[in-house]
Every structure is written in structure tokens, then in C-alpha cells.
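Working notes, beginning with the structure itself.
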Amino acid sequence: MTDAAEIAIVASAFGADSVRTAGHRKWAEASRRAGAAGFEVRRELFGYEADAAPSRLRELGKQIAELGLWSVYSTPASLYMEGGRLDAAALRLALDEAVALGARLVKLQLGAFAREAHCHAIAAQLRGVNVRLVVENGQLAQGGSLSQFVGLFDALKREGHADVLGMTFDVGNWAWCGVSASDAAAALAPYVEYVHCKVAVGEGARRFAAAPTVDDARFADVLRRLPRHVPRGIEFPFDAACIDEDAARRVAWLAAA
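First residue of the sequence shown? That's 3 in my numbering, and the numbers climb one at a time after it.
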């Protein structure tokens, strides 16, 4: 299929405890068997802090590349601190770790962006770094509001560095913030470079991530509004009773959706 979307699998889809116990390599191998093109490494799922050391990351990156996969490096750190200040130290650490891994993308949370993007400082850190920076909409009001992301990309244009970073659009996370994912997709599609695919089910404290159904019209509408040429990451949990079969089925479905 010539217009098939490129699919990555987020490590957490295999279960957080399973990744912390067995390590990322095992699940990168499972991702390859499922037919994925990429694999997202999650910093918070390392079993030990030493796993984030440059030598460990280089080894993991080599293993992922040998499987024929490209990688995403995800950190729970935020790009902006309280008051809208750039967290330059968090950005530097994330970039250094992503470069050691050999990642294609490095993903941070947006955090407390206010009005200034500080894009010149970001551009300075990115100079000579062969990894693309993307920020993700989170599940909290701070870092998960549509107005913040619209404001961010407006600020980047205003400050003269519109292309300094892109967006990871998490379809399911908008539900935690009471935002229509379709509305967000319509507003932010030009800036989206990676899509996290999941839906939210339940309400309030009982809301959790789940797999979209094949006939989910709202999920399909969101995908139609987003660019098809950007990779899609599976972040919803696989069926633990038949992980390999479920992963392969979901990869094939999402590539064609």
C-alpha cells in the first residue's frame, strides 16, 4: 500500500512493568516482529537510572537500529517551567540522551508555556544536533490546553523561528483536558510531526487509555484532519494474552487507517 502510514510502537503499549523488568530491547524486538517501523523509548520506564547513561543509550540505540527500526526518545520532562521560563537544563539533558540513543525524534512535555517561546535559546541548543525536537500535549491543564499550543506556534512565528520544533499530537490526551481532539487537529495540523494514537475511556479519575475500535468515527475523523505522512505511534495497551498477534494486527490496521 503506497499511502500506508509509518507506524511506531511506544514501549508502554507492552505494559510499564514489563518494560521496567525486561528492558526496552525485548519490546523493540516485539515491535519489529509486529511490522512496526519505529520504536519509542520511554525514559521513565528504565529499570535503573544507569540505563540513561550515554554508554547504555548508545548500546540500546545500536540494538534498535540493528533490528531495522528508527527510534523516538521520550522524556517526562517539560520544555517550559513555571512562569513560562525555558527549562534549558531539561532540554540539554534530553537532547544529549536522545543523541546518544541515535533517536530521530526527542519528545518533551510542553509544560508551563506562557507567551514567549524563547526560540533563539532553543535554536542555540539544537545547533549541530541531529534530532528533531517535538513537544506533546499532556493530560494536565498546564501543558494540555489548546490555547497554549496555538500560542506556542504563534510565538515561534513572531520570534522568527517557526520551524525550531514540532508537535506530538496525542489523540487521547485531549480528553483529560476537556478539549475536542478533532478541534485540536483542525487548529494544529500544520505543526504535527508525530501522532500518539489512543483514545480515553471512562470519566474523571476513572479515565484511562484504550485502543480505538475499527469503527470509531471520532478517532477516524481526527486522523483525517492530521497529516498522513507523519509517523503514528501506538500508545494504547496491547492484549497481554496475545501480545504478538495483537501488536501485528494493530500495526497493520493503523497503517491503513
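Each residue gets a CB set at the ideal place from its N, CA and C atoms; glycine is no exception. No experiment lies behind these values; they were computed from the predicted model shown.
- Listed in chain order, the beta strand (DSSP E) elements of length 3 or more contained wholly in the stretch 81-136 are 107-113.
- Beta-bridge analysis with DSSP links residue 199 to 236.
- In this chain, the alpha helix (DSSP H) harbouring residue 246 covers 245-258.
- The DSSP-derived three-state label of residue 194 is strand.
- In the same chain as residue 146, and ignoring 5 residues on each side of it, the C-beta atoms closer than 7 angstroms to its own belong to 139, 140, 175, 178 and 179, in chain order.
- Under the three-state reduction of DSSP output, residue 44 falls in the strand class.
- Take residue 161, set aside five residues on each side of it, and the residues of its chain with a beta-carbon closer than 6 angstroms to its own are 119 and 121, in chain order.
- Between the beta-carbon of residue 196 and that of residue 232 there is about 6 angstroms, and that keeps the pair under the 8 angstroms contact cut.
- Residue 222: member of the alpha helix (DSSP H) spanning 219-227, first to last residue.
- Counting only the Cα atoms, residue 191 lies some 16 angstroms from residue 159.
- Taking C-beta separations shorter than 8 angstroms and ignoring five residues to either side along the sequence, the partners of residue 94 in its chain run 127, following chain order.
- At the C-beta level, residue 254 and residue 40 stay beyond 8 angstroms of one another.
- Boundaries of the alpha helix (DSSP H) harbouring residue 36: 26-36, taken from the DSSP string.
- Rounded to the nearest whole angstrom, the C-alpha separation of residue 65 and residue 57 is 12 angstroms.
- At a Cβ-Cβ threshold of 8 angstroms, residue 203 and residue 169 do not count as neighbours.
- With fewer than 16 other Cβ atoms inside 10 Å of its own Cβ, residue 50 counts as exposed.
- Of the residues 22, 33, 100 and 89, the one whose Cα lies closest to the Cα of residue 59 is 100.
- Inter-residue distance for residue 115 and residue 85 is about 8 angstroms (C-alpha atoms, whole angstroms).
- Annotation: the continuous beta strand (DSSP E) that includes residue 211 extends over 210-212.
- Counted as a single uninterrupted DSSP element, the alpha helix (DSSP H) harbouring residue 156 occupies residues 148-160.
- The stretch 209-228 makes no contact with the stretch 24-31: fewer than 3 CB pairs, one atom from each, lie closer than 8 angstroms.
- Shown here, residue 164 sits in coil according to DSSP, grouped into three states, outside any helix or strand.
- When the alpha-carbon of residue 251 is set against those of 35, 98, 150 and 148, the nearest one is in 35.
- A straight-line Cα-Cα distance of about 14 angstroms links residue 70 and residue 11.
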